[in-house]
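**Q** Quick one: this structure, given as structure tokens, is what I'll be asking you about.
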Amino acid sequence: MGTRVGFGFDVHRLVVGRRLVLGGVPIPFPKGLLGHSDADVVLHAVASALLGAVGAGDLGTHFPDRDLRWKGADSRRLVAASMRLVAQRGGRVENADVTVLAERPRLEPHKLRMRAEVARLLGVPAARVNVKASTYEGLGPVGRGQALAAYAVVAVTVTARRRARS
67 MGTRVGFGFD VHRLVVGRRL VLGGVPIPFP KGLLGHSDAD VVLHAVASAL
117 LGAVGAGDLG THFPDRDLRW KGADSRRLVA ASMRLVAQRG GRVENADVTV
167 LAERPRLEPH KLRMRAEVAR LLGVPAARVN VKASTYEGLG PVGRGQALAA
217 YAVVAVTVTA RRRARS
């Protein structure tokens with residue numbers, strides 16, 4: 067059936083009293099991201115891109131903030147659920163490219179661990195995942211250090227739709 071591409075984006079506000087997790091990796095920082103789940107913008111962008119690649123809607127449809135099952139959830143669960151949808155639709159991840167936008171903390175020391183964790187979650191070698199970090203040059207909420215954001219692009223090869231299990 068061919069290769070399909072999904073695009074994902076997420077942004078969350080930084081607040082005191084929350085743990086910062088990016089790409090499934092805890093990052094030492096005095097603030098964390100505010101959200102219904104652990105608010106991992108990297109994994110939310112990846113999950114969104116996975117859903118987009120197979121035409122499965124968006125995060126709000128599958129993981130609504132009014133659903134208590136996702137309250138405080140580890141975002142790796144969102145990626146795992148999205149991967150199940152990809153597989154159910156006959157898809158296989160080929161590669162992923164992620165850009166994290168943050169003024170602080172500096173993400174260079176954490177990018178390889180994020181890359182390895184995203185690759186593990188997607189079931190692909192780390193060589194098929196790229197994680198980049200950039201700043202917003204002092205502009206907007208991200209630039210003022212009030213929020214973090216992430217973009218993700220995921221390529222999925224769709225061969226054939228799997229039969230639904232009864």
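In this note's numbering, the protein residues as written are 67 to 232. Backbone N, C-alpha and C define an ideal beta-carbon position, used for all residues, glycine too. Given the structure is predicted, the values throughout are model-derived calculations rather than measurements.
1. Do S141 and L125 come within 7 Å of each other at the CB atom, strictly closer than that value?
2. At the level of alpha carbons, what is the spacing between K198 and V164?
3. Once you ignore the five residues that flank S200 on each side, which residues in its own chain have a CB closer than 7 Å to its CB?
4. Using the DSSP secondary-structure output, state which residues sit across from A213 in a beta bridge.
5. For the beta strand (DSSP E) containing R236, list its first residue and its last residue.
6. Based on the DSSP secondary-structure assignment, which residues constitute the bridge partners of V224?
7. Sort H110, P92, F73, R155 by Cα distance to L178 and report the nearest one.
8. Just checking my contact of F73 with V184 at CB under 8 Å: how many whole Å lie between their CB atoms?
9. By Cβ distance, which residues of its chain are closer than 8 Å to L187, with the 5 residues on each side in sequence left out?
**A** Short version:
1. When the beta-carbon positions are compared, L125 and S141 stay at least 7 Å from each other.
2. If I take the Cα positions, the gap works out to 6 Å.
3. For S200, where only same-chain residues beyond five positions count, the Cβ hits under 7 Å are T165, L167.
4. The partner list for A213 (beta bridge, DSSP) reads R79.
5. A query on residue 236 cannot be resolved here, the shown segment of the chain reaching from 67 to 232 and no further.
6. BP columns for V224 point to G68, G157.
7. Per the Cα distances, P92.
8. With 8 Å as the limit, F73 and V184 do not qualify as a contact, their Cβ atoms being about 16 Å apart.
9. Answer for L187: G90, L109, V112, R142, V145, A146, M149, listed in chain order.
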